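Enquirer:
Number of protein chains: 2
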Amino acid sequence: MKTKAVFYHAGCPVCVSAEQSMLGALDPSRFDVEVVHLGTAKNRLAEAETLGVKSVPALVLDNHIFHINFGASLSDLK
Amino acid sequence: MKTKAVFYHAGCPVCVSAEQSMLGALDPSRFDVEVVHLGTAKNRLAEAETLGVKSVPALVLDNHIFHINFGASLSDLK
Chain L
10 MKTKAVFYHA
20 GCPVCVSAEQ
30 SMLGALDPSR
40 FDVEVVHLGT
50 AKNRLAEAET
60 LGVKSVPALV
70 LDNHIFHINF
80 GASLSDLK
Chain Y
10 MKTKAVFYHA
20 GCPVCVSAEQ
30 SMLGALDPSR
40 FDVEVVHLGT
50 AKNRLAEAET
60 LGVKSVPALV
70 LDNHIFHINF
80 GASLSDLK
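Protein chains in written order, with this note's numbering: chain L, 10 to 87; chain Y, 10 to 87.
Pasting the structure below:
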């Protein structure tokens, strides 16, 4: 069974770079990655905030949050 | 042929978490990951700085630098 991972982003250049390189590097046999654009899916903002996401891009993996470089803070997306 | 990736860290808790979850998630069939402890391998500091690493933990992948959360700044390791 695959582990679910969630990648939160906002379409920013930093986000796109992280998505292309970092997500593309994950083992596809072990992870199902959901990509959530918080700029458009504003209904997911509360969920991201509850998980502890402070900025995007961020990857939630194994209940750990990894903020990858810095594109935008969550508060700027509200 | 595998792509080389380099993970720079300094043994900090944030670094260990990133190493365990994030590096463990990379596709082992496509990446050879070298783990460099900049707290002990101080001879690699200049190399990391030249690549553009500002803080650890950081993963260099496809010539992109991904600073993952924040453990320590490079200048604190000198």
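C-beta atoms are modelled at their ideal positions from N, C-alpha and C, and glycine is treated no differently. No experiment lies behind these values; they were computed from the predicted model shown.
1. DSSP three-state label for LYS51 (chain L), please.
2. Mapping the DSSP letters down to three states, classify PRO66 (chain L) as helix, strand or coil.
3. Can you check whether the C-beta of HIS73 (chain L) is within less than 8 angstroms of a C-beta belonging to chain Y?
4. Return helix, strand or coil for GLY80 (chain L), following the three-state DSSP convention.
5. Distance, Cα to Cα, VAL42 (chain L) vs PHE79 (chain L)?
6. Can you give me, in chain order, the residues of the stretch 34 to 47 of chain L that have a beta carbon less than 9 angstroms from any beta carbon in chain Y?
7. Within the continuous beta strand (DSSP E) that includes ALA27 (chain L), where are the two ends?
8. Scan the stretch 49 to 83 of chain L for residues whose Cβ lies nearer than 7 angstroms to a Cβ of chain Y and list them as they occur along the chain.
9. Counting only beta-carbon separations shorter than 8 angstroms, does ALA19 (chain L) have a partner in chain Y?
10. Determine the chain B residues that contact MET10 (chain Y) at a beta-carbon separation under 9 angstroms, and present them in chain order.
11. Based on Cα-Cα distance, which residue from Y:LYS87, Y:VAL69, Y:LEU86 and Y:ALA81 lies nearest to SER30 (chain L)?
12. Is the distance from the Cβ of VAL62 (chain Y) to the Cβ of ILE74 (chain Y) below 8 angstroms?
13. With which residues is ASP41 (chain L) paired in a DSSP beta bridge?
Expert: Based on what the coordinates show:
1. Taking the first sequence and counting its residues from 1, the one referred to as residue 51 (chain L) is at position 42. Of the three classes helix, strand and coil, the one that applies to LYS51 (chain L) here is helix, per DSSP.
2. Here the question's residue 66 (chain L) lines up with position 57 in the first sequence. Here PRO66 (chain L) sits in strand by DSSP.
3. Start at 1 with the first residue of the first sequence, and residue 73 (chain L) comes out as number 64. Chain Y, which has a Cβ nearer than 8 angstroms to the Cβ of HIS73 (chain L), makes this yes.
4. One-based indexing of the first sequence puts residue 80 (chain L) at position 71. Reduced to three states, the DSSP call for GLY80 (chain L) is strand.
5. To locate residue 42 (chain L), count along the first sequence from 1; it is residue 33. To locate residue 79 (chain L), count along the first sequence from 1; it is residue 70. Each residue's alpha carbon lies about 20 angstroms from the other.
6. ALA34, LEU35, ASP36, PRO37, SER38, ARG39 and PHE40
7. Locating residue 27 (chain L) in the first sequence gives position 18, where the first residue counts as 1. Counting along the chain, ALA27 (chain L) falls outside any beta strand (DSSP E), though it belongs to the alpha helix (DSSP H) covering 22 to 27.
8. LEU70, ASP71, HIS73, PHE75, HIS76, ILE77 and ASN78
9. As a first step, residue 19 (chain L) is located in the first sequence; it is residue number 10 there, counting from the start. No, ALA19 (chain L) lies away from the interface with chain Y (no Cβ there is under 8 angstroms from its Cβ).
10. As a matter of chain content, chain B is missing from the structure shown, whose protein chains are L and Y.
11. As a working note, residue 30 (chain L) is residue 21 in the first sequence. If we check each option's Cα against that of SER30 (chain L), Y:VAL69 comes out closest.
12. Position 53 of the second sequence, counted from the first residue, corresponds to residue 62 (chain Y). Position 65 of the second sequence, counted from the first residue, corresponds to residue 74 (chain Y). Going by C-beta atoms, VAL62 (chain Y) is nearer than 8 angstroms to ILE74 (chain Y).
13. The residue given as residue 41 (chain L) occupies position 32 in the first sequence. According to DSSP, ASP41 (chain L) bridges with L:LYS13.
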